[in-house]
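Below you'll find the structure, written out as structure tokens, and then a few comments.
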Amino acid sequence: MLGTDIRGIMAEEEEVQRRQQALRSLVTMRARQLRESLDQRIKRARNGGDWTLLSKAECANLHKREKAHLRSQLEQLQVEQNRTRGKLSALKRAKARAQRIRAAEAAAERKRL
Numbered sequence: 122m123l124g125t126d127i128r129g130i131m132a133e134e135e136e137v138q139r140r141q142q143a144l145r146s147l148v149t150m151r152a153r154q155l156r157e158s159l160d161q162r163i164k165r166a167r168n169g170g171d172w173t174l175l176s177k178a179e180c181a182n183l184h185k186r187e188k189a190h191l192r193s194q195l196e197q198l199q200v201e202q203n204r205t206r207g208k209l210s211a212l213k214r215a216k217a218r219a220q221r222i223r224a225a226e227a228a229a230e231r232k233r234l
């Protein structure tokens with residue numbers, strides 16, 4: 122990436138911001154699912170047509186496995202969210218640097234004329 126390619130930096134920054142928003146949404150959704158109680162999960166599953174023939178013990182086992190899976194997904198999403206946050210910060214620094222370089226180049230050009 123060129124140090125003065127502001128348009129490219131801005132496009133990449135917008136993409137990273139969209140990704141960050143999507144990650145934030147996923148993290149929120151997974152955290153909400155983790156807080157769901159067994160009774161709430163059974164009710165939601167049965168309303169959706171799932172778990173209708175399962176005993177409460179089987180539902181509890183499935184719920185426990187789902188929570189473990191959600192916990193691992195949430196950890197992965199948070200790692201990705203931190204990585205995205207760092208990339209966004211780096212892009213903002215690069216954009217500021219590119220703007221300073223362009224301003225210095227423009228000032229130097231004006232002095233020459």
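In terms of our numbering, the sequence shown opens at residue 122 and continues consecutively. Backbone N, C-alpha and C define an ideal beta-carbon position, used for all residues, glycine too. Here the structure is a predicted model, which means the values were calculated and not measured.
Nearest to LEU209 by CA position, among ARG128, GLU226, LEU159 and GLN138, is which residue? By 1-based counting over the sequence shown, the position of residue 209 is 88. Taking only the C-alpha atoms, the option nearest LEU209 is GLN138.
In whole angstroms, what separates the C-alpha of ALA184 from that of SER158? Stepping through the sequence shown from its first residue, residue 184 is reached at position 63. Stepping through the sequence shown from its first residue, residue 158 is reached at position 37. Here the sequence assigns His to residue 184, which means Ala is not the residue at that position. In this structure, the CA atom of HIS184 is about 9 Å from the CA atom of SER158.
How would you call LEU198, buried or exposed, if buried means at least 16 neighbouring beta carbons within 10 angstroms? Sequence index remark: in the sequence shown, residue 198 carries index 77 (1-based). Buried.
Can you give me the C-alpha to C-alpha distance between ALA224 and ILE127, rounded to a whole angstrom? On the sequence shown, residue 224 is found 103 positions in, with the first residue counted as 1. On the sequence shown, residue 127 is found 6 positions in, with the first residue counted as 1. Taking the straight line joining both Cα atoms gives about 12 Å.
Given a cut-off of 8 Å on the beta-carbon distance, is the pair LEU212 and ILE130 in contact? Your numbering for residue 212 matches position 91 in the sequence shown. Your numbering for residue 130 matches position 9 in the sequence shown. Yes, the pair counts as a contact, with Cβ atoms nearer than the cut-off.
Nearest-angstrom Cβ-Cβ length linking ARG145 and GLN202, presumed shorter than 8 Å: Mapped onto the sequence shown, residue 145 falls at position 24. Mapped onto the sequence shown, residue 202 falls at position 81. Confirmed, Cβ separation roughly 7 Å.
DSSP three-state label for LEU195, please. In the sequence shown, counting from the first residue as 1, residue 195 sits at position 74. In this structure, LEU195 counts as helix in the three-state DSSP scheme.
In angstroms with no decimal places, state the Cα-to-Cα distance between VAL148 and GLY207. Sequence index remark: in the sequence shown, residue 148 carries index 27 (1-based). Sequence index remark: in the sequence shown, residue 207 carries index 86 (1-based). If I take the Cα positions, the gap works out to 17 Å.
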